[in-house]
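Numbering (our numbering), first residue to last: 2 to 100.
Glycine included, every Cβ here is placed at the ideal spot set by N, Cα and C.
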């Protein structure tokens, strides 16, 4: 996990979900790591799926649990969907914030 300093010296530990680029201070979602995904042999269709899933979770003005519900409604079952949803649901510290 990433240690991020915020004002007052508090240490914030948040989990960065799979396939994601995170940056800034405090750390937040900055899109998906499509170059890394291509390098790891992901297809264009898989990458588009991952982008759509994170769009629901981070970009659509929903909170993260509403975003997950929307993903489960809109996105057909598949390995990327399961990996992302399971990661976020099992994160004890919570995941990083959206933009």
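{"Check": "If you reduce the DSSP assignment to three classes, tell me which class residue 87 lands in.", "Outcome": "helix"}
{"Check": "Short check: CB of residue 22 to CB of residue 33, under 8 Å?", "Outcome": "yes"}
{"Check": "I believe residue 51 touches residue 20 by the beta-carbon criterion, under 8 Å. Please report the beta-carbon distance rounded to the nearest angstrom.", "Outcome": "5 Å"}
{"Check": "Cβ of residue 64 less than 8 Å from any chain D Cβ?", "Outcome": "Among the chains in the structure shown there is no chain D, since it carries only a single protein chain."}
{"Check": "Residue 98 bridges to which residues according to DSSP?", "Outcome": "29"}
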